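Comments concern the structure below.
Numbering (this note's numbering), first residue to last: 1 to 94.
The structure is reproduced here in structure tokens:
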């Protein structure tokens with residue numbers, strides 16, 4: 001359940017950013033997973049693909065790196081997002 005909540009929050013941040021910049025498709029996201037998030041890079045990719053099905057981010061490539069995300073180290077940080085028309089840093093925690 002914890003993992004699903006993290007991914008749902010991540011997808012919400014991705015979709016909000018894409019809408020804000022007028023994108024029609026998300027091509028790639030890069031996320032940083034904290035050492036105490038209790039998720040693996042593989043599970044983040046898998047759960048994101050499942051959660052994003054049918055959304056603007058459905059076809060996005062998901063790059064996952066590990067390392068500190070915040071003072072507690074238990075979050076998932078959206079480091080960057082590539083959408084139609086370019087890319088941007090986001091830096092939003094999920």
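We put the CB at the ideal spot given by N, CA and C, even for glycine. Bear in mind that the values here come from a model prediction, so they are computed numbers and not experimental data.
Check                                                                                                           : Outcome
Roughly how many whole angstroms lie between the Cα atoms of residue 68 and residue 5?                          : 19 Å
Does any heavy atom of the ligand GTP sit closer than 8 Å to the C-beta of residue 80?                          : The ligand GTP is not part of the structure shown, which contains no ligands of any sort.
Can you give me the C-alpha to C-alpha distance between residue 39 and residue 50, rounded to a whole angstrom? : 15 Å
Measuring CB to CB, does residue 36 end up less than 9 Å from residue 73?                                       : yes
Determine whether the beta carbon atoms of residue 60 and residue 29 lie at a separation below 9 Å.             : yes
The beta strand (DSSP E) that contains residue 9, what's its start and end?                                     : From DSSP, residue 9 is part of no beta strand (DSSP E) but of the alpha helix (DSSP H) over 2-20.
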